[in-house]
Amino acid sequence: MTLHTFTVRPMQQADAEALCTLHRRAIRHNYGQLYSKNIVEDWANSRTPDGYWRNHLKGESFLVALLDDQPVGFIGWQDGELCGLYINPDHQRRNIGSALVAAADVMANANNQPIRTVVTGSAVTFYEKHGFHLTGETTFNVAGHTLPCISMARS
378 MTLHTFTVRP MQQADAEALC TLHRRAIRHN YGQLYSKNIV EDWANSRTPD GYWRNHLKGE
438 SFLVALLDDQ PVGFIGWQDG ELCGLYINPD HQRRNIGSAL VAAADVMANA NNQPIRTVVT
498 GSAVTFYEKH GFHLTGETTF NVAGHTLPCI SMARS
């Protein structure tokens, strides 16, 4: 059996296309059974490679998980908030998401910030396992759709 290890590093401009592809695949895989096809496709196509790089230049940090030098997941982070966590469906349940949350936690501690996020119901258990607690209900607006979400935080 061959074990593959992954590394986590900050996003580089050359990663933008891969992040966009990961975002689309993860949205379709994780939410295809939860929301209508219209919502899923609008959400999956709501980001562009240029948009990821522009957001990076405006202050959103992206950490990328690499396996064999290929991006397999990423997390977005800005001002103490996790803005998104997306893992290639072929590599889910391999602790990549956990490693990305831990890396974002290091950033939060370095900046003396609490860490918070807004998640859909399907992600609540994952974040609870990482020490987050529910702080309220809210909505998330994406591509013209308003989705119910849960606010979570960890101090």
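My numbering applies: residue 378 is where the sequence shown begins, and numbers increase by one.
Quick reminder that beta carbons are idealized off the backbone N, C-alpha and C, glycines included.
- Classified as buried, Arg424 has 16 or more neighbouring CB atoms from the shown chains inside 10 Å of its CB.
- DSSP places Pro426 in no beta strand (DSSP E) but in the uninterrupted alpha helix (DSSP H) bounded by Pro426 to Leu434.
- Taking the Cβ atoms as the reference, Val449 lies roughly 6 Å from Ile473, within the contact range of under 8 Å.
- Note on geometry: alpha-carbon atoms of Thr512 and Arg531 lie some 10 Å from one another.
- The stretch 482 to 494 and the stretch 397 to 407 do not touch, with fewer than 3 CB-CB distances between them shorter than 8 Å.
- In the DSSP assignment, Glu505 falls within the unbroken alpha helix (DSSP H) covering Val501 to Lys506.
- DSSP, reduced to helix, strand and coil, places Gln490 outside both helices and strands of the structure shown, so it counts as coil.
- For Tyr463, the CB contacts under 7 Å within the same chain, skipping 5 residues up- and downstream, are Leu399, His400, Ala403, Gly450 and Phe451 in chain order.
- DSSP lists Val495 and Gly513 as the bridge partner or partners of Ser528.
- Classified as buried, Leu459 has 16 or more neighbouring CB atoms from the shown chains inside 10 Å of its CB.
- Contact annotation: His510 and Met529 have beta-carbon atoms nearer than 8 Å.
- Using a Cβ distance threshold of 8 Å, Leu440 and Ala480 count as a contacting pair.
- In the structure shown, Arg405 falls within a helical segment according to DSSP collapsed to helix, strand and coil.
- Contact check for Ala393 and Trp430: beta-carbon distance about 5 Å, within the 8 Å limit, so the pair qualifies.
- In terms of Cβ geometry, Leu444 and Val385 do not form a close pair [threshold 8 Å].
- Excluding the 5 residues flanking it on each side, Lys506 has no same chain C-beta neighbour closer than 7 Å.
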